[in-house]
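Structure record follows, encoded as structure tokens.
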């Protein structure tokens, strides 16, 4: 553990305190955040950043005033890159996070910084360690662009990103606000971060790690019932440190007050602003266990200054790692916190530390297939995957027993596997959560639950209808809830015609009305909006009603044929185990999870534990049915999921997708270790995986270096991609010609097949402006939709393309490292936004 090499490190601190829009309240404490944090980081006694390597930006007006300094710092940093933002977090119509600026307007997303672009600049940095700190509403949504997400498409495509050395700290969860109390000098989150930087944490550590600061701030905010921060730590980079520990045992007062630190003023959108530095008074602190743990204790400056004996340092806690599904990380972190608190010693020292990490079903299966190792001949994709999933888990919890059993069987059949999943599958589950329909209730009313015979009848209108006109289903290709509800929506014996007309069409229409694409709906955003029905796990509804973000509570509908997530838990047995202490700690933790005490912790987070009755904890008080029991046939097998998956693919509305790739010379530019042209082709490959057997795929390259400026590549998806990879970019960019050509081909396809009700989508990947005199086509309806992905660029630089796609597609900028994310995501979203 060390401080950064400050000569090789860069920090960018951004804060938007004042807003031109009357709908966005001013946040004067944000300017204080930036000034105070910069003062700490440039104080040589506390940290050590040179003033010219720690940039403060207050009240930036335009996105480029943020993205350019971040890009410059990302390019210059070799050891550590720190990026901090405080201000309003805004959501666009697709639920994506934007960072508010001085001239931001809620109805004009281009006036704010799209976080996907912000994240792309950071991820492409060559710095060994990258730390991102966000203090804004919905900041937890940043995880989908930097590591983990409820958005399955983003998470899947992020498989191409290398995020070793990344640490993310956010002030709140994806569906939670962050607070800037009126009259306070700092925002709630940054104020507490500064408090612990100033005061330090008692213990022998010379430096304050990010993990230690997170735990102290998290506990402080939890005690005061404030939104709790979130973190992600890749490859133990949470042990990185930015500052020295002022409360190091034996170095002086336990909680000294930081003095005013001289330093340069912050930049206020191009002008210099006087710096304000507040003094933080002594405050009851936490005892710091060696290795990063925290536990309750009261250590005040007064007591230490009076010469009272300092508490003995805590021993290092036994640390284990628990792997859980992506959308359950917050819930199981709360449960792990309950166990850590329950096992603290009489001296209030922490005895156990449970680190919770999330990963997708596909990533987990592949990591186990690799025995959580990276062999010398591993592919680049597998190397990035292993960097993302992190260290091998000591405890694994999955969504479904069927998924865990599939991994168990695959490992048992694999010669030389370095791990096995032990146990009887019938004994794995620890809790249940049925799939339910969440329906917005009347404002101010208590939530209620209802029972109906079947899911298919509910969707088709044969059962009593909810008040809402439709319901949104999570993407079955990337979410377990979507896969699971399909087992009920597409029962055995159902015809493809009935599946399409009675199930798929109503769900397509509801998704389009809600502004959601097929790619993993924004569940938190939909629940906050309270306008349409949403298919969710019961625990998601319960936790939302408990911590609601609006006045609307949610009612629940329980179809009689619904299925359940049963959350199996196992302890993988590794060929080279970590040691007896870790094994005993994992044994004790899993035994507690199955005990009455663990059952109460599960129930208090919205689950139905196997070892208690059907109505415990917060269930019935927050919209769930108090009398629901899992039926004997509600367990779901692998064959059920496979059958439903095939029926879904047959019923899903097909599409014709034409992809146009810029083959001009500028696409040879290298970003993140590959050319922009190569990144574009990788993005296309990722999007092909989202298509079904009835979808049509076409590819052409446009450049003045090819005959007629357009090269049509034939031979099917796989062969087309192989041929395209043999092309060497050159020439200029006939961009408008490419758009016009693609739109004309899709219109011809529609005229030739007037009764073929399919999506028709043109995706253009480019990095430049049009260099020919060709005109763009006109788009007057949704018969053809166009999305332009600007590779390696910020935003949509061409105003004509921006106008063309505003109502009938999209025009976005994306870093080369995130092209796979954006292309797959855009195609999936357009999949259902067509007129139905």
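In the working numbering, the protein residues as written are 633 to 1468. C-beta: ideal position from N, C-alpha, C; glycine also.
Non-local C-beta neighbours of residue 1230 in its own chain, meaning closer than 6 Å and more than five positions away in sequence, comprise 1224, ordered along the chain. Per DSSP, the continuous beta strand (DSSP E) segment holding residue 1188 begins and ends at 1186-1191. In the structure shown, the three-state DSSP call for residue 1374 is helix. A distance of 8 Å or more separates the beta carbons of residue 1052 and residue 1274.
Inter-segment contact for the stretch 1389-1403 and the stretch 1365-1381 is present: three or more beta-carbon pairs are separated by less than 8 Å. Among the bridge pairs identified by DSSP, residue 954 is matched with 988 and 1027.
Of the residues 1353, 955 and 730, the one whose Cα lies closest to the Cα of residue 769 is 730.
In the structure shown, residue 1160 adopts helical secondary structure according to DSSP, grouped into three states.
If you compare the alpha carbons of 710, 728, 736 and 703 with that of residue 719, the shortest gap goes to 736. Our two residues, residue 1256 and residue 1081, have alpha carbons roughly 6 Å apart in a direct line. When DSSP assignments are scanned along the stretch 697-765, the uninterrupted stretches of alpha helix (DSSP H) that are 4 or more residues long and fall wholly within it turn out to be 747-755. In this structure, DSSP gives residue 1061 an extended state, which the three-state scheme calls strand. The C-beta distance from residue 1318 to residue 1424 rounds to 17 Å, too long to fall under 8 Å, and the pair is not in contact. DSSP places residue 873 inside the beta strand (DSSP E), whose first and last residues are 873-876. Taking a C-beta distance under 8 Å as the contact criterion, residue 712 and residue 751 do not qualify as a contact pair.
In chain order, 1128 place their CB closer than 6 Å to the CB of residue 1282, counting only its own chain and leaving out the 5 sequence neighbours on each side. Judged by DSSP in its simplified three-state form, residue 1390 adopts coil rather than helix or strand.
Here the C-alpha atom of residue 1021 lies approximately 13 Å from the C-alpha atom of residue 797. Per the coordinates, the alpha-carbon of residue 639 lies some 26 Å from the alpha-carbon of residue 880.
Distance from the CA atom of residue 842 to the CA atom of residue 1221, rounded to whole angstroms, is 25 Å. Between the alpha carbons of residue 688 and residue 675 lies a gap of roughly 15 Å. When C-alpha distances from residue 684 are compared across 708, 661, 995 and 696, the shortest belongs to 708.
In the three-state DSSP reduction, residue 1205 falls in the strand class (E or B). By the 16-neighbour rule on beta-carbons within 10 angstroms, residue 1410 is exposed. The stretch 1290-1347 contains, as complete alpha helix (DSSP H) runs of 4+ residues, the segments 1308-1320 (chain order).
Scanning the stretch 840-870 from its first residue to its last, the whole alpha helix (DSSP H) runs of 4-plus residues come out as 842-855.
With contacts defined as CB atoms closer than 8 Å, residue 1392 and residue 1416 qualify as a contacting pair.
In this structure, the straight-line span from the alpha carbon of residue 992 to that of residue 1404 is close to 44 Å. Fewer than three beta-carbon pairs drawn from the stretch 1012-1028 and the stretch 1060-1073 are found closer than 8 Å, and the two stretches are therefore not classed as touching. When the beta-carbon positions are compared, residue 1219 and residue 1288 stay at least 8 Å from each other.
Within 10 angstroms of the beta-carbon of residue 1445 lie 16 or more other beta-carbons, which makes it buried. Annotation for residue 1081: the continuous beta strand (DSSP E) segment containing it runs 1081-1084.
In the three-state reduction of the DSSP assignment, residue 1233 falls in the helix class. Shown here, residue 1014 sits in a helix according to DSSP, grouped into three states.
Looking from the CA of residue 837, the closest CA among 861, 849 and 875 belongs to 875. Around the CB of residue 756, 16 or more other CB atoms lie within 10 Å, so the residue is classed as buried.
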